[in-house]
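K.L.:
Below you'll find the structure I mean.
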Amino acid sequence: VQLVESGGGLVPPGGSLRLSCAASGSINRVNVMGWYRQAPGKLRELVAGITYAGTTNYADSVKGRFTISRDSAKNTMYLQMNSLKPEDAGVYYCNLKFSRYDYWGQGTLVTVSS
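Residues are numbered in the working numbering as their position in the sequence shown, beginning at 1, plus a constant of 23.
The following block contains the structure:
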């Protein structure tokens, strides 16, 4: 299984970005995908998750600003990030879990700065 993120970049405070994660390989339909982020000097944290059935959950810090979605037919997950704040900056990682397996992408950098 391979996960490839894209869509990171530099955006000013208040701006928007859309991240994508394309999954390939032998993937169980019953799975959970999620976005995590890691800021310098901090632990990796869950930003948002989505099940194969479309159930979502968000970190309190991003509720109302970020939206996670997925296209199961394409094995692709998205994160729409609006009203970005400097504290949203970091490396964003795509995660896929099913059965006893846990996969990670290589990460995409999000920088929020004027």
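For every residue, glycine included, the Cβ atom is placed at its ideal position computed from N, Cα and C.
Out of K108, L119 and D94, state which residue places its alpha-carbon closest to the alpha-carbon of S84.
P.N.:
The candidate whose alpha carbon is nearest that of S84 is K108.
K.L.:
Nearest CA to the CA of S125: which residue from S39, G32 and I50?
P.N.:
It should be pointed out that residue 125 corresponds to Asp in this sequence rather than to Ser. Of the candidates S39, G32 and I50, the one whose C-alpha sits nearest the C-alpha of D125 is I50.
K.L.:
Are the beta-carbon atoms of A62 and F89 separated by less than 8 Å?
P.N.:
No, Cβ-Cβ distance for A62 and F89 is not below 8 Å.
K.L.:
So the beta strand (DSSP E) V27 belongs to, where does it begin and stop?
P.N.:
Its beta strand (DSSP E) spans residues Q25 to S29.
K.L.:
Inspect the beta-carbon positions of W127 and I91 and report whether they are closer than 8 Å.
P.N.:
The answer is no: Cβ separation not under 8 Å.
K.L.:
What does the Cβ neighbour count give for L132, buried or exposed, with the cut at 16 atoms within 10 Å?
P.N.:
Exposed, by the Cβ-count rule.
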